[in-house]
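Numbering follows this note's numbering, in which position 101 of the sequence shown is assigned residue number 104; successive positions increment by one, without gaps.
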Amino acid sequence: MSAAQDNLILAAQVGRVLTLTLNRPQALNALNTALLLELAQQLATAEQNDSIGAVVITGSQKAFAAGADVKEMAQMNAVDLHRDPRVQAWADIARFSKPIIAAVNGFCLGGGCELAMCADYIIAGHNASFGQPEVKLGIMPGAGGTQRLMRLVGPAKAKQMALTGATLSAKQALQAGLVAEVCPAEATLDKAQAQAQQIASYAPIAVAAIKDCCNKALDVELNQGLQYERRSYCVVSSSEDRNEGIDAFLNKRKPTYQNR
Ligand code: HXC
4 MSAAQDNLIL AAQVGRVLTL TLNRPQALNA LNTALLLELA QQLATAEQND SIGAVVITGS
64 QKAFAAGADV KEMAQMNAVD LHRDPRVQAW ADIARFSKPI IAAVNGFCLG GGCELAMCAD
124 YIIAGHNASF GQPEVKLGIM PGAGGTQRLM RLVGPAKAKQ MALTGATLSA KQALQAGLVA
184 EVCPAEATLD KAQAQAQQIA SYAPIAVAAI KDCCNKALDV ELNQGLQYER RSYCVVSSSE
244 DRNEGIDAFL NKRKPTYQNR
């Protein structure tokens, strides 16, 4: 059966925001191959859709995602791992050019935490818990759980998490810099969607360039990053939306952006 028939991802667009809900409640949203491919496919479609300005990825109140699907992993041999189509899916998700906010309640573990870290930022409910417990299974994180975690929370916390498998509460994750904001669990999705609508109301060219430049900062040294930022600034400044944004401000009216 295909992923689409299974409804592994529920997609709903309101205004300029697409919400993608991970939907394997019986397995705490464990990321099996079908779910991950469906998520990447939904994002590829959203990439081409100008009516979508930002995306929220969420799960359930109990679990954002409890990791890669351990039952599926148990069936895979080394050759399967080399040919694993999820590698491309992870790369596609990370390369998505529009902003993604992860709205996280409940368990956010292993591949689930790695998926949340692929988002531009995380809003967490009070009941959220974050961790990379792979070490407890005799394996290790394989989709950013050492690399992105190191950049987000720094070596001490990242190594403590990945080496002990210990989880962080939402409050600890906030202190560590893993999440941007913590709120009551009932409010997580609303908050993420409201912020996504706000972002999606801005000029798409500027928004995409800001995301791109922020991500560049994680890859290159400062002077290279500053040059990249300056070039991007000049490109964004040559857009029609830049003239519209400034004119709207000066004339005390709401801007109407055309993505040009
Ligand atoms: C497959 C999972 C799962 C997972 C939970 N389930 N996590 N199935 N893969 N990662 C299933 C359980 O088998 C069970 O189904 C159902 O979901 C409910 O889970 P319970 O354990 O009964 O719930 P609870 O007691 O509340 O415990 C929750 C939990 C625990 C603490 C989150 O489920 C847990 O420890 N899960 C595994 C977490 C983990 O190790 N994640 C990392 C995976 S490795 P049944 O049918 O049995 O009732 C990974 C590698 C990433 O992510 C690499 C990327 C390349």
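Where a beta carbon is used, it is the ideal one built from N, C-alpha and C, also for glycine.
For this session: Go to valine 156, then tell me how far its alpha helix (DSSP H) extends in each direction, as first and last residue.
Result: 150 to 167
Helix, strand or coil: how does DSSP classify alanine 33 here? coil
Quick one: does the C-beta of glycine 128 sit closer than 7 Å to a heavy atom of ligand 1? no
Nonlocal neighbours in the same chain, by C-beta distance under 7 Å from alanine 188, ignoring five residues either side
Gln64, Asn108, Gly128, His129, Asn130
Note to self: Restricting to Cα atoms, I'd like to know which of Ser240, Val238, Asp215 is closest to glycine 228.
What the structure shows: Asp215
Any non-hydrogen atom of ligand 1 within 7 Å of phenylalanine 110 CB: yes
- Query: Going by other Cβ atoms of all chains shown within 10 Å of its Cβ, with 16 needed for buried, is lysine 257 buried or exposed?
  - Reply: exposed
Which of the three DSSP states is assigned to threonine 48 in this structure? helix
> From alanine 220 to alanine 209, what does the alpha carbon distance come to, in whole angstroms?
Replying inline: 17 Å
| query | So does the stretch 194 to 202 actually touch the stretch 51 to 66, counting three or more Cβ pairs closer than 8 Å? | reply | yes
Check your understanding: Between valine 223 and tyrosine 231, which are expected to be in contact by the criterion C-beta below 8 Å, what is the C-beta distance as a whole number of angstroms?
Key -> 7 Å
query: Would you say tryptophan 93 faces chain C, with C-beta separation under 8 Å as the test?
result: The chain labelled as chain C is not found in the depicted structure, where only one protein chain is given.
Self-check item: C-alpha distance - asparagine 218 paired with leucine 21, whole-angstrom precision
Solution: 22 Å
| field | leucine 140 beta carbon near ligand 1 (any heavy atom closer than 7 Å) | value | yes
**Pairwise C-alpha distance: asparagine 226 and leucine 155** = 21 Å
By the three-class DSSP mapping on this structure, what secondary structure does glutamine 200 have? helix
Taking 7 Å as the line, does the beta carbon of alanine 77 fall inside it for any heavy atom of ligand 1? no
Where do the N-terminal and C-terminal ends of the alpha helix (DSSP H) with alanine 106 fall, by residue?
Taken as a continuous stretch (DSSP letters only), alanine 106 belongs to no alpha helix (DSSP H), being part of the beta strand (DSSP E) at 103 to 107.
Which full runs of the beta strand (DSSP E) of 3+ residues lie inside the stretch 38 to 100, going along the chain? 57 to 61, 66 to 68
Requested in this report: State yes or no: is the C-beta of aspartate 95 nearer than 7 Å to some heavy atom of ligand 1?
Outcome: no
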